[in-house]
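Asker: My questions all concern the structure below.
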Amino acid sequence: MLIGETVMDLIIEMGTIDDVLLVDASTPEFEQQHTQQSITARLNAKTSLILVAKIKGLVVAYKIGYALSENVFYSWLGAVVPAYRQQGIATQLRVYQEQWAVNSGYSCINVKSMNRYPGMLQLLINSGYQIHGYQANEDDKYGENGKILFIKKLI
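So, in structure tokens, the structure goes:
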């Protein structure tokens, strides 16, 4: 599949920060909404990729990543509007991101998630990502906000 190819009314293409903000406005899991400034600051001076998924012209999901080094790509942020979940959209975005990373010369992808996102943890494990570490949050006595680092070798 190539970027822009239609799969059951789903189109994956390059997106913008404005697209990301539209999805975030409909995503209840984010405690703090990202802003144009916070996303721009994170991506500043890095090789980055913003992918969006559209159905009938409506942006329903996104995936953002950026280079950590010459060989390592970091899958930073992603979301699917709740009404469009359980349709394989996050999987399609992940596959496109991985394909782009391979084509761009990266040898692995890193991603972090949290115990409070069991759907994401399942998606990562089922997609060949391996747990590589844990970053505890001192204010979190139940472990819901600690970050689990996953790595997937691409080549």
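Numbering (my numbering), first residue to last: -17 to 137. A virtual CB, placed ideally from N, CA and C, is assigned to each residue, including glycine.
What residues are listed by DSSP as bridge partners for residue 72?
Answerer: Bridge partners of residue 72: none, in fact.
Asker: Looking at C-alpha atoms only, which residue of 108, 43 and 58 is the closest neighbour of residue -5?
Answerer: Out of 108, 43 and 58, 43 has the C-alpha closest to the C-alpha of residue -5.
Asker: Who does residue 93 pair with in a DSSP beta bridge?
Answerer: According to DSSP, which records beta bridges pairwise, residue 93 is partnered with 57 and 132.
Asker: Could you check what DSSP says for residue 8 in three-state terms: helix, strand or coil?
Answerer: coil
Asker: Express the C-alpha separation of residue 2 and residue 29 in angstroms, rounding to a whole number.
Answerer: Residue 29 and residue 2: Cα-Cα distance of roughly 17 Å.
Asker: How many Å lie between residue 22 and residue 15 at the Cα?
Answerer: 14 Å
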